[in-house]
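S.K.: So the sequence shown is residues 68 to 280, counted in this note's numbering.
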Amino acid sequence: MDMIKTFGEAGIIPVIVIEDIEKAVPLARALVKGGLPVLEVTFRTQCAAEAISKIKSEVPGARLVAGTVLGLEQLAAAREAGAQACVAPGFDQEVVRAAKALGMPFCPGVATASELSQALALGCKMVKFFPAESAGGVKYIKDLLGAFRWTGVRFMPTGGVNLSNVSDYLAVPEIVCCGGTWIAPKDAIAANDWTRIETLAADAAKLAKARKC
Ligand code: 3PG
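This is how it looks when you write it as structure tokens:
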């Protein structure tokens with residue numbers, strides 16, 4: 068997967084936490100139907116790998132990204148499940164190097180200039196800026212760009228991003244896309260409220276599309 072291209076076309080990526088495997092397919096269907104095909108399925112729960120492979124085989128059009136890939140075991144599981152890219156909230160040299168060796172596109176998390184320097188030194192072209200709002204939001208990214216724009220680095224902010232602030236992020240050309248859980252809220256998943264999730268995805272997709280025009 069060309070991460071920058073695929074993530075950029077989506078503009079907004081739902082960050083998904085699946086506790087119950089039965090929810091994986093209907094949740095993914097609602098998100099894709101709403102207009103958000105790139106899904107970050109986080110390795111925060113036991114069934115993450117199973118969810119990725121199930122969605123991959125049962126939801127046409129879904130593009131699977133493994134999230135919260137903190138270690139080598141999760142990287143291997145994500146690959147085996149069929150994830151096309153991996154994302155992490157932090158920067159771990161060993162995992163970034165291992166992903167590179169496997170040919171797995173990997174987007175590590177950074178929140179400081181030093182972490183960004185290290186990620187760039189390992190050849191990362193895109194980083195997750197996490198936790199975006201707490202770490203300084205759009206202004207902080209713009210300040211980082213003052214020193215790093217020439218490198219061509221691209222950002223995917225997540226953490227505290229939502230419908231009310233996502234357009235501010237997407238207005239920055241170096242921000243490829245934003246991620247967030249607001250599109251797949253825990254209570255809506257628990258209630259099997261796929262209509263609400265489809266609506267949230269459609270609202271988000273509309274904003275992402277507005278940026279592209
Ligand atoms: C992530 O891993 O990207 C975050 O948990 C998303 O943060 P949010 O819940 O504030 O969207």
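Heads up, the beta-carbon is just placed ideally off N, CA and C, and yes, glycines get one too.
1) Between which two residues does the beta strand (DSSP E) containing R130 stretch?
2) Between which two residues does the alpha helix (DSSP H) containing V163 stretch?
3) For E107, does the three-state DSSP call read helix, strand or coil?
4) At a cut-off of 7 Å, would you count W249 as near ligand 1, judging by its Cβ distance to the nearest heavy atom?
5) Should G101 go down as buried or exposed, given a rule of 16 or more other Cβ atoms within 10 Å for buried?
6) When DSSP labels each residue in this structure, what does P175 get in the three-state scheme?
7) Please confirm whether A251 and L98 have their CB atoms less than 8 Å apart.
8) Verify the contact flag: P172, CB atom, against every heavy atom of ligand 1, threshold strictly below 7 Å.
M.R.: According to the structure data:
1) 130-134
2) 160-169
3) strand
4) yes
5) buried
6) coil
7) yes
8) no
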